[in-house]
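> Just so we're aligned, residue 1 is where the sequence shown starts under our numbering, counting upward by one.
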Amino acid sequence: MNRIQLAKHIQEKNSYLCVGLDTNPDLLPYHLKGKKDAVFEFNKAIIDATLPLCVSYKINTAFYESRGTEGWDDMARTVDYIPATHFKIADAKRGDIGNTSSQYAKAFFETIPFDAVTVAPYMGEDSIRPFLEYDDKWTIVLGLTSNKGSIDFQQQLLATHGAHPSQFDFLYERVIKKVCSWGSPDNLMLVIGATKPGEIKKIRALVPDYFFLVPGVGFQGGSLEQVSEHGKNDQTGILINVSRAIIYASHLENFADEAKIIASQYQYEMSTFLGKNINS
1 MNRIQLAKHI QEKNSYLCVG LDTNPDLLPY HLKGKKDAVF EFNKAIIDAT
51 LPLCVSYKIN TAFYESRGTE GWDDMARTVD YIPATHFKIA DAKRGDIGNT
101 SSQYAKAFFE TIPFDAVTVA PYMGEDSIRP FLEYDDKWTI VLGLTSNKGS
151 IDFQQQLLAT HGAHPSQFDF LYERVIKKVC SWGSPDNLML VIGATKPGEI
201 KKIRALVPDY FFLVPGVGFQ GGSLEQVSEH GKNDQTGILI NVSRAIIYAS
251 HLENFADEAK IIASQYQYEM STFLGKNINS
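(1) For the putative contact between Leu-142 and Val-191, defined by C-beta atoms under 8 Å, what is the C-beta separation to the nearest angstrom?
(2) Less than 8 Å between the CB atoms is what I'm expecting for Arg-174 and Leu-158, so what's the real figure, rounded?
(3) Taking just the CA atoms, how far does Lys-177 sit from His-251?
(4) Over the uninterrupted alpha helix (DSSP H) stretch that includes Val-55, give me the two end residues.
(5) Within a Cβ cutoff of 6 Å, which residues of the same chain sit near Asp-58, ignoring the five residues on either side of it in sequence?
(6) Could you compute how far the alpha carbon of Glu-258 sits from the alpha carbon of Tyr-134?
(7) Going by CA-CA distance only, name the one from Thr-50, Leu-144, Ala-45 and Pro-83 that's closest to Phe-212.
(8) Could you say which of Gly-193, Asp-126, Met-123 and Thr-111 lies nearest to Lys-148 if we only look at CA atoms?
(9) Rounding to the nearest angstrom, what Cα-Cα distance links Ile-97 and Asp-48 in this structure?
(10) Tell me which residues share the same chain as Ser-146 and place their Cβ nearer than 8 Å to its Cβ, disregarding the 5 neighbours each side in the sequence.
(11) Between the Cα of Thr-160 and those of Lys-36, Asp-152 and Asp-169, spot the shortest distance and give me the residue it belongs to.
(12) Please classify His-86 as buried or exposed, where buried requires at least 16 other C-beta atoms within 10 Å of its C-beta.
(13) Cβ atoms of Lys-35 and Tyr-81: under 9 Å apart, would you say?
(14) Quick one: residues in its chain with C-beta nearer than 6 Å to the C-beta of Ser-290, no 5 flanking neighbours on either side, listed in chain order?
(15) Can you give me the Cβ contacts of His-31 inside the same chain, cut-off strictly under 7 Å, excluding the 5 residues immediately before and after it?
(16) Would DSSP call Asn-99 helix, strand or coil?
(17) Given this structure, state the Cα-to-Cα distance separating Gly-231 from Ser-15, to the nearest angstrom.
(18) Suppose you measure from the CA of Phe-131 to the CA of Glu-41; what does that come to, to the nearest Å?
(19) Let me check understanding here. Comparing Cα to Cα, which of Gln-267, Phe-273 and Asp-186 lies closest to Leu-51?
(20) With 16 other CB atoms within 10 Å as the buried threshold, where does Ala-84 fall?
(21) Output needed for Ser-264: all residues of its chain with C-beta closer than 8 Å, excluding positions within five of it in sequence on either side, in chain order.
(22) Taking 7 Å as the limit between beta carbons, can you name the residues of its chain near Thr-61, skipping five residues before and five after?
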């Protein structure tokens, strides 16, 4: 799925909602626990309920990889079940030397045909380049994350080269500027945490044309309104991921209906922000 198609889908749906399928077998509704194909059946029900309300699904691969071959099978079947109209993200956070990254790219772009995969930029350009070489696939680079530990490295101040000694960049700003020189708005996105709305505004000014994948709205406390206000661009330019607040809205047999209600609330609020964008 290319950028024009993704932007068109957002406008048609009046939604930039990404539903996170971080499916933990321990948190499944009681009537599904222990049953054969429980995770896949749960995912199917969530997808059926939310498909008209979102434009994307994000699979956190750790919840599947930890279960061995059965988990990988559930992941592949889930990706196959999601229609081509919806943007499919492998939240795998990969990144290694070039020949290893080539195999990761093959795993998530060919073996299991995701549209995008998240990667960590710490090892530099050659660790990310193999992902960027695929046509109509997206590399989503960790820019500024919403976890507390982001202060350990991402938010460290670095002196600005050639400038006044009192001028500094945050490390995440340096990383984002460098990473965006490797790709383009057509094949590269950035992960920007929702719990840092002020920084979202700053990053949007730094890279006006790039899509952001924004986790942290919902259980982590990020504000949908603030993220939308500071993160949108002319093509909307954001995908807001909500996982637990939607998929675990109920632990009863009506879990899919409850998930649909919560997703509907997010979609409605997003439609109002898109309306503001259109009328501005």
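All C-beta atoms, glycine included, are put in the ideal place defined by N, C-alpha and C.
The structure says:
(1) Contact flag correct, Cβ pair sits at about 5 Å.
(2) Arg-174 to Leu-158, Cβ: 6 Å. Contact.
(3) Cα to Cα, the separation comes out at about 43 Å.
(4) Element bounds for Val-55: n/a, residue is neither H nor E.
(5) Correcting the residue identity first, residue 58 is Lys in this sequence and not Asp. Annotation for Lys-58: Cys-18, Gly-20, Ile-89, Asp-91 and Asn-241 place their beta carbon closer than 6 Å to its own, counting only its chain and skipping 5 residues before and after.
(6) Going by the C-alpha atoms only, they are around 38 Å apart.
(7) It is Leu-144.
(8) Selected option, being the one with the closest Cα: Gly-193.
(9) CA-CA distance, Ile-97 to Asp-48, rounds to 39 Å.
(10) Only Gly-193, Ala-194, Thr-195, Lys-196, Pro-215, Gly-216, Gln-220 and Gly-222 meet the Cβ criterion.
(11) Nearest of Lys-36, Asp-152 and Asp-169 to Thr-160, Cα basis: Asp-169.
(12) So His-86 counts as buried.
(13) Contact: no.
(14) No information on residue 290 is available, as it lies outside the stretch 1 to 280 that the chain covers here.
(15) Excluding residues within five positions, the ones whose Cβ falls inside 7 Å are Glu-253.
(16) Reduced to three states, the DSSP call for Asn-99 is helix.
(17) So the two alpha carbons sit approximately 14 Å from each other.
(18) Looking at the two C-alpha atoms, the distance is approximately 31 Å.
(19) Out of Gln-267, Phe-273 and Asp-186, Gln-267 has the C-alpha closest to the C-alpha of Leu-51.
(20) Answer is exposed; the Cβ neighbour count stays below 16.
(21) Within the same chain, and ignoring the five residues on either side of Ser-264 in sequence, the residues whose Cβ sits closer than 8 Å to its Cβ are Leu-53.
(22) So the list reads Met-75, Ala-90, Asp-91 and Ala-92, once near-sequence residues are dropped.
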